[in-house]
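This report refers to the structure that appears directly beneath it.
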Amino acid sequence: MDSRNNYFELFGLPVDFLLDRSLLQARYLALQQRFHPDRHAGRSGQEQRLAVQSAAWVNQANETLRSPVRRAEYLLQLAGRAPSGDETINDSGFLMQQMALRERLADIPAEAEPAAALDELESRVRTALAALEAEFAGAYREDNLSRAGELLLKMQFYHKLLSEVVELEDEL
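Residue numbers (this note's numbering): 24 to 195.
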């Protein structure tokens, strides 16, 4: 296995934000089986280490491509536009909306029907995240990497909020 290949090449997929998740899963399982350390138990120590490294690389690639946010980050990295972590969102309307959603999340435990309110908020967040993902896909395909980077930042905000919603669901 040549670890100089990118994750898309590893799975034989086109380098694009939109991908066939069932094809990714099928190819992941085939590669996982091919490089599983147990299949290399009788081989030399070097071959066993290579199998372990290859299996780890396959797992990392799969985790990255399965997650829309991580996939978007990876695509920008491949294009030489990897987020540095210093980027900020200059869209005040978006930031105000995020504050309102977080306040809404904080108020839910005190409501009479917190589960229903949480379901409604989760639906809103998932819908917004899906819209941003579609917009990212378009910006990436049009090679508008600056816009794609802005959209990634917004996707990260919603992804974090969704994680907090799911965490609160587990607590209720």
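Note that beta-carbon positions come from the ideal geometry of N, C-alpha and C, so glycine has one too.
Predicted, not measured: the structure shown is a model, and the values here were computed from it.
Buried versus exposed, by CB contacts within 10 Å (16 or more), residue i
i	result
Ala138	exposed
Pro91	buried
Glu110	exposed
Glu96	buried
Leu33	buried
Ser77	buried
Arg6	One cannot answer for residue 6 here, as it falls past the ends of the chain, which runs 24 to 195.
Val189	exposed
Proximity of residue i and residue j at Cβ, strictly below 9 angstroms
i	j	result
Gln69	Pro60	no
Leu41	Leu88	no
Gly172	Pro106	yes
Arg81	Phe117	As written in the sequence, residue 81 is Val, which differs from the Arg given in the question. No, the Cβ-Cβ distance between Val81 and Phe117 is not below 9 angstroms.
Ile131	Leu152	no
Ile112	Phe180	yes
Leu124	Leu191	no
Leu128	Leu184	yes
Leu99	Val38	no
His63	Leu73	yes
Ala79	Tyr30	no
For residue j and residue i, believed in contact at Cβ under 8 angstroms, the rounded distance
i	j	result
Met178	Leu195	So it is not a contact: roughly 26 angstroms between Cβ atoms.
Arg104	Leu47	About 23 angstroms; that fails the 8 angstroms criterion.
What ranges does the beta strand (DSSP E) occupy inside the stretch 54–142, keeping only unbroken runs of at least 3 residues that lie completely in it? Those beta strand (DSSP E) runs which fall completely within the stretch 54–142 and span 3+ residues do not exist here.
Taking only runs of the alpha helix (DSSP H) that begin and end inside the stretch 135–194, which ones reach a length of at least 4 residues, in chain order? Considered as a whole, the stretch 135–194 harbours 137–164, 168–194 as its complete alpha helix (DSSP H) runs of no fewer than 4 residues, in chain order.
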